[in-house]
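Have a look at the structure below, then the notes.
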């Protein structure tokens, strides 16, 4: 490949999909920076054998010729959709994250506010093609390291079992436990906090 790219901040992965799609064709490699769904844009730095170019605006792009020359371009949403609509439609869904909270010292009982999150999670799973799921358990800082490591894994396993019941194959679910190492709300050791008793589920 003639061009190498680095990302800074938020930048749609579609830019890299387009690069791979066009590489090897008679046309120049093309990289286009797309905004995230909320409109935020990061920065992409494109390197070639002859130099580099930075793009940091939505729908800005660069073309890289076989000789490594970089030409900066500027498109808009409608022109990108018209030209690459089929490619954009083939993108996998963007990863989604859900957080489920647990009652104090419980590996199985969910906090009441988690029922709404569970409903949303079930709705997403029902329409997600071949999901890969990462489930990470956490605790507050009320227990010992050993106790919290065990408890956070039990919570992750509780959620994994729920996902299997929803039809997700077990081999597509990865579980991990962080114990009290990554509190959502920093507290002193030994202090309970309901926001830290959680499992974070990422679907991709």
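Numbering (this note's numbering), first residue to last: 3 to 206.
All C-beta atoms, glycine included, are put in the ideal place defined by N, C-alpha and C.
Under the DSSP definition of a beta bridge, residue 32 partners with 65. Under the DSSP assignment, residue 119 falls in the alpha helix (DSSP H) whose first and last residues are 116-129. Comparing alpha carbon positions, the residue from 32, 52, 63 closest to residue 43 is 63. Counting along the chain, the unbroken alpha helix (DSSP H) around residue 152 starts and ends at 147-167. Rounded to whole angstroms, the separation of the alpha carbons of residue 89 and residue 206 is 19 Å. Straight-line spacing of the CA atoms in residue 139 and residue 119 works out to 16 Å.
Here the segment 161-179 makes no contact with the segment 81-88; the two share fewer than three CB pairs at distances below 8 Å.
Beyond the five residues adjoining it in sequence on each side, residue 187 comes within less than 7 Å, by CB distance, of 195, 197, 198 in the same chain, given in chain order. The continuous alpha helix (DSSP H) containing residue 87 extends over residues 79-91.
Taking the CA atoms as reference points, residue 162 sits about 7 Å from residue 137. With three or more CB-CB distances shorter than 8 Å, the segment 97-110 counts as touching the segment 146-161. Taking the C-beta atoms as reference points, residue 45 is found nearer than 7 Å to residue 58. Selection 69, 56, 135, 53 evaluated against residue 175 yields 135 as nearest (Cα-Cα). By the neighbour-count criterion, in which 16 or more other beta carbons inside 10 Å mark a residue as buried, residue 160 falls on the buried side. Taking residue 47 as reference, the option from 67, 37, 72 with the minimal CA-CA separation is 72. Take the alpha-carbon of residue 115 and the one of residue 33: they are about 43 Å apart.
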